[in-house]
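Here's the structure, in structure tokens; my notes come after.
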Amino acid sequence: MKSKQPPELPKKIPTHVAIIMDGNGRWAKQRGLPRLAGHRAGTENLRRVIGACIEFGIQYLTIYAFSTENWGRPEDEVLGLMKIVEDVVDRELQELHDQGVQLRHIGRLDQLRPSLREKVLRAVEKTQNNTRLVLNVAFNYGGRDEIVCAIQHILCEGVKPEDVNEALVSRYLFTAGTPDPDLIIRTSGELRGSNFLIWQGAYSEWYFPATYWPDFDKEELRRALFEFNRRDRRYGLVNTKGKGQEGPGSNVCQ
Ligand code: FPP
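Mapping of the sequence shown onto the working numbering: residues 1246 to 1499, in sequence order.
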């Protein structure tokens, strides 16, 4: 009798996977290379993981590429990361477009140098009608900053307090229109959220592989999906039948 092959993919594929691509620096250090070599290897890996996401049928991928706190890194690393992203847009935009990837940016664009800002805007515009994979690039992004920004906009528009609810706040976030992440992966063994999708990740499943980002390959992603399938998502309830329900009472904070 033939032995049964394990399924190539688990039953449930998360709609939205988000990744904190951590460990580039340590990957480089292990090899006696400068940190930027780690970021370049991480960038190469990103291309492979995007391909795997498309193959696995994931619809949204959000990556943490540069946080609002990363400005505090040594100047050569900050400038190097900016250059890597500019080069990627120059080099890879057409291929991403051909693959059906829709690029979106989350974070603040205003503090970026004009050449990078323009390239990001051009990439977003060029790919806006693609539907195979939405790739949110969190660049100059911070979860707290995103919420501050949302509050500022809500106040500026004169929204009445009683009209403020979770759905409305979500519409003012950088991620408006993107479903909350089902699965958040942080590579390199660090067990922190680091200001990433702090609103959207309220009910995400977290997964922390020890692998450094440049080595997190398709098989690692597949393992993450199998692990996701072992989780029992209860959304604060006691079974898996339904999603969280709105609590009773007034919508206005006292
Ligand atoms: C964290 O590793 C990684 C980053 C802060 C940068 C990630 C950016 C890329 C992979 C560039 C690609 C992005 C795009 C959009 C093309 P770390 O430096 O904190 O590693 P360490 O903890 O080992 O020092």
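Where a beta carbon is used, it is the ideal one built from N, C-alpha and C, also for glycine.
**Unbroken alpha helix (DSSP H) run spanning Val1330, endpoints** = Here the alpha helix (DSSP H) through Val1330 covers 1320-1343.
**Ordered list of alpha helix (DSSP H) runs contained in the region 1355-1421, each at least 4 residues** = If we require 4 residues or more, the alpha helix (DSSP H) runs fully inside the region 1355-1421 come out as 1359-1371, 1388-1401, 1411-1416.
**Item:** Span separating the alpha-carbon of Pro1454 from that of Ile1429
**Value:** Distance between the alpha carbons of Pro1454 and Ile1429: 11 Å.
**Message:** Less than 7 Å separating the Cβ of Ser1415 from some heavy atom of the ligand FPP?
**Reply:** Every heavy atom of the ligand FPP is 7 Å or more from the Cβ of Ser1415, so no.
**Request:** Under 8 Å Cβ to Cβ from Pro1359, same chain only, skipping five residues before and after it: list those, please.
**Result:** Around Pro1359, the same chain offers no residue with a beta carbon nearer than 8 Å, after the five sequence neighbours per side are excluded.
**Asked** First and last residue of the beta strand (DSSP E) that includes Trp1451?
**Response** Counting along the chain, the beta strand (DSSP E) containing Trp1451 begins and ends at 1450-1452.
**Asked** CB-CB under 7 Å to Gly1422, same chain, minus the five flanking residues each way: which ones, in chain order?
**Response** Answer for Gly1422: no residue qualifies.
**Prompt:** Does the distance from the CB of Thr1372 to the CB of Leu1354 come in under 8 Å?
**Reply:** Not in contact: Thr1372 and Leu1354 (Cβ atoms no closer than 8 Å).
**Message:** In the DSSP assignment, the alpha helix (DSSP H) including Val1294 goes from what residue to what residue?
**Reply:** Its alpha helix (DSSP H) spans residues 1280-1301.
**Prompt:** Which word fits Gly1239, buried or exposed, when buried means at least 16 other C-beta atoms lie within 10 angstroms of its C-beta?
**Reply:** No information on residue 1239 is available, as it lies outside the stretch 1246 to 1499 that the chain covers here.
**Item:** Where Leu1466 falls: helix, strand or coil (DSSP)
**Value:** Residue state, collapsed to three classes: helix.
**Item:** Run of the beta strand (DSSP E) containing Arg1431, from where it starts to where it stops
**Value:** Unbroken beta strand (DSSP E) run through Arg1431: 1428-1431.
**Message:** Let me check you understand the geometry: is the CB of His1284 closer than 7 Å to at least one non-hydrogen atom of the ligand FPP?
**Reply:** Yes.
**Request:** Please confirm whether Thr1307 and Leu1418 have their CB atoms less than 8 Å apart.
**Result:** With respect to the 8 Å criterion, Thr1307 and Leu1418 are not classified as neighbours on the basis of their beta carbons.
**Request:** Compute the minimum distance between the beta carbon of Met1266 and the heavy atoms of the ligand FPP, and state whether it is under 7 Å.
**Result:** Checking the 7 Å criterion, the Cβ of Met1266 is within range of a heavy atom belonging to the ligand FPP.
**Alpha-carbon spacing of Arg1467 relative to Ile1351, whole angstroms** = A straight-line Cα-Cα distance of about 26 Å links Arg1467 and Ile1351.
**Pairwise C-alpha distance: Asn1269 and Ile1303** = Approximately 24 Å between the Cα atoms of the pair.
**Prompt:** From Glu1464 to Ser1449, what distance separates their C-alpha atoms?
**Reply:** Spanning the two alpha carbons is a distance of roughly 21 Å.
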